[in-house]
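Notes for the one structure printed next.
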Amino acid sequence: MKKRIFAIFTAAALAVSVMTALAEYDPNKVISENEIATKTVAAPIITVNGTEIDAPDYFMKDETLMLPLRAITEALGFEIEWQGETGTIILTRGPLYITMSAFADGYTFSKTAPMTLGTAPILTEGTTFVPENFITEILDGAYAIDEAGNIKIVWGDMKDVALITGLNGEEKQITVTDIIKGEVVLNVGGETPITDEAGTPVAFEDLKEGMTVKIFYGDMMTRSIPPQNVPNSVVVLAGSPAATLPSFEEVEEVAEEKITITAIDTEKNTVTVADSVRGEVVLVLGEETAISDAEGKAITIADLKADMTVSVEYGDAMTMSLPPINNPKSIKVVAEKGDVQILPVETESPADK
């Protein structure tokens, strides 16, 4: 359906352009021989998690949208390796491991059996392009194309994230602006759980416009304008001024966040922590993960111990697995034996940044 819509849009846009040109034509207008009439048309852009990227132009192949692999995945933090002998492309980001053949319709995720997407990658002028459903079926992301042909891609924590723009207490409706879906009306009624990220219930009356939420949409979306949905759950994200998340403007004390190491696996290079806000999290340490003691001196994973209290600077993306997995930027030991560490909780909405 998406492919047909895109094709129809292309044809419609072409028709509009032709009609506009005919409407502007004046047979009596004299144009100098030295005058050249030009019209600048902006090239479509690609944004990844809200940031415009520098990317080669996408194209269509047999009604399939082909997207530039390197530009998109590098914007998501993946590293790309090309194995010329086998024609294999390898993408890695922390624990995530994706492979594909440059010449065949076969894609693997985390060393699973190859999946077919209906189209093999295409290598042209040194750039590899992959079919549009690589975003949804391999990366588990989402994308949309606007009327100008611009493409929006979201992945990881940004998927199904929306901003509350309206509240109807009588109908128990939440109007949100979703990065991909646009405006959506959520009918929460009395069945849809609304919580913060720690799972603490949030009352409908405590919701406010401007809050950022993650929506676990129900299966059915109406075709109305705007569309309506009965979500399975709504999670108020940290950074939103929810009643359970005090802001600095309302109180002088900062929120208490405790992160304690519960397990260490030096072979897999992972550290499991108990985060008082996020729950259990598995940290996959990479070469760039900085580890330090309380004095700021560099240490290694071998120096970490269970029950240590640590300060963690999380990476940009957190998997939706249970427990979630993250590739942290840094870990700093705060106390040897689980003493409480007081850290400020950011309360500014991402929409205000």
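Just so we're aligned: 435 in our numbering is position 205 of the sequence shown, and the numbers increase by one with no gaps anywhere. Don't be surprised by glycine CBs; every beta carbon is placed ideally from N, CA and C.
query	result
Inter-residue Cα distance where the pair is V501 and E293	45 Å
Element boundaries [alpha helix (DSSP H), containing E304]	L299 to A305
Bounding residues of the beta strand (DSSP E) (the contiguous stretch that carries N499)	No beta strand (DSSP E) holds N499; DSSP gives it neither H nor E.
Straight-line gap, F289 to T281 (C-alpha atoms, nearest Å)	21 Å
Residue(s) in a DSSP beta bridge with A504	T490 and E510
Short Cβ contact (8 Å threshold) for I489 with V542	yes
Where M388 falls: helix, strand or coil (DSSP)	helix
Among G314, I320 and L297, nearest to F308 - alpha-carbon criterion	I320
Closest residue to K447 among D436, I455, L467 and V418 (Cα-Cα distance)	The question names Lys, yet the displayed sequence has Tyr at residue 447. Per the Cα distances, V418.
Complete runs of the beta strand (DSSP E) confined to the segment 347 to 386 [at least 3 residues]	352 to 354, 357 to 361, 372 to 375 and 381 to 384
Straight-line Cα distance separating P456 from M450	14 Å
E435 (DSSP reduced to helix, strand or coil)	helix
Residues near R300 in its chain [Cβ-Cβ closer than 8 Å; skip 5 each side]	I310, T357 and T358
D335 and G317 closer than 8 Å at C-beta	no
Rounded C-alpha distance that separates V464 from F339	28 Å
DSSP beta-bridge partners of D426	V466
Other residues of its chain near E510: CB distance less than 7 Å, five sequence neighbours each side excluded	T502, A504 and P553
Residues that DSSP places opposite S340 in a beta bridge	The partner list for S340 (beta bridge, DSSP) is empty, contrary to what the question assumes.
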